[in-house]
Amino acid sequence: VMSRASHPVLKVALLLVVLQQSSSCNSRYHISLMRLNWFESIEYCSRLGMRLSVLNTLEKHTEAVREAQATVRDFSGFHNGLWIGGSDLGKKGSFVWLPTGTKVTWTKWKFGEPSGGANERCMNLYNWHEEEFYWMTNDANCELRFYALCQHDYKV
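If you read the sequence shown in UniProt numbering, its first letter stands for residue 1, the second for the next number, and so on.
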């Protein structure tokens with residue numbers, strides 16, 4: 001039986017294993033090992049001392065896509081995207097980057113997005129070839145399960 005004192009050591013060991021799963025030590029991004037909803041993704045990134053990503057420039061978007069393509073995560077099927085840090089939960093139709101509190105002025109939206117469909121309030125980076133989504137931004141239901149795209153530095 002383990003004592004309570006040994007649990008922090010296990011947590012640190014697990015955290016080190018998780019951080020080592022990132023495909024690039026020099027990358028500002030980390031992709032979760034499992035699919036989470038948007039709210040769980042915020043918590044997951046926060047526990048790592050990170051935040052959901054802010055992809056507010058083409059350079060950041062391109063770097064995040066490279067990171068996603070380099071991982072061994074399964075991006076097949078319907079849930080093949082990454083949660084990023086934007087939503088319009090505060091005011092429908094007005095997207096804001098949660099980590100910085102700034103208005104979304106640039107992101108690589110897929111044509112026709114954000115669509116504002118039923119309960120589509122959270123932003124994700126989506127890759128679904130059948131619908132010609134090639135790592136573009138989409139608004140999605142916050143309860144869907146995608147991988148979290150966490151970011152080390154979230155300067156704007």
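Each residue gets a CB set at the ideal place from its N, CA and C atoms; glycine is no exception.
Given the structure is predicted, the values throughout are model-derived calculations rather than measurements.
field: Leu125 - containing beta strand (DSSP E), residue span
entry: Taking the first residue of the sequence shown as position 1, residue 125 is located at position 125. Element bounds for Leu125: 120-128.
Residue from Gly85, Pro114, Ser41, Cys45 whose Cα sits closest to the Cα of Lys60: Here residue 60 refers to the residue found at position 60 of the sequence shown. For Lys60, the nearest C-alpha among the options comes from Gly85.
- prompt: How big is the Cα-Cα spacing for Cys150 and Trp97?
  reply: As a position in the sequence shown, residue 150 is number 150, starting the count at 1. As a position in the sequence shown, residue 97 is number 97, starting the count at 1. Roughly 13 Å between the two C-alpha positions.
- prompt: Could you give the residue range of the beta strand (DSSP E) that holds Leu149?
  reply: Here residue 149 corresponds to residue number 149 of the sequence shown, with the count starting at 1. Counted as a single uninterrupted DSSP element, the beta strand (DSSP E) harbouring Leu149 occupies residues 147-151.
- request: Whole angstroms is fine: what's the gap from Cys45's alpha carbon to Gly117's?
  value: Walking along the sequence shown from the start, residue 45 turns up at place 45. Walking along the sequence shown from the start, residue 117 turns up at place 117. Distance between the alpha carbons of Cys45 and Gly117 is about 26 Å.
message: Using a Cβ-based criterion (distance less than 8 Å to any ligand heavy atom), does Leu58 qualify as near the ligand FAD?
response: In terms of ligand content, the structure shown is empty, and the ligand FAD therefore cannot be addressed.
message: I'd like the list of long-range same chain contacts for Met2, defined as Cβ closer than 7 Å, with 5 residues on each side in sequence excluded.
response: For the purposes of this step, residue 2 is identified with residue 2 of the sequence shown, where counting begins at 1. The predicted position of Met2 is uncertain, since its pLDDT is 48 and thus under 50; a value taken from the coordinates is nonetheless stated next. Taken in chain order, the list of residues that qualify is empty.
message: Just verifying my parser: in three-state terms, what is the DSSP assignment at Ser94?
response: Within the sequence shown, numbered from 1, the residue matching residue 94 stands at position 94. In this structure, Ser94 counts as coil in the three-state DSSP scheme.
message: On the criterion of 16 or more Cβ atoms from any shown chain inside 10 Å, does Met50 qualify as buried, or is it exposed?
response: Stepping through the sequence shown from its first residue, residue 50 is reached at position 50. With 16 or more Cβ atoms within 10 Å of its Cβ, Met50 is classed as buried.
- prompt: In terms of alpha-carbon separation, which member of Ala64, Asn56, Thr71, Trp128 lies closest to Lys103?
  reply: Walking along the sequence shown from the start, residue 103 turns up at place 103. Minimum Cα distance to Lys103 is reached at Asn56.
- request: Report yes or no: do three or more beta-carbon pairs, one from the region 33-45 and one from the region 105-116, lie closer than 8 Å?
  value: With a cut-off of 8 Å, the region 105-116 and the region 33-45 do not count as touching, because too few Cβ pairs lie within range.
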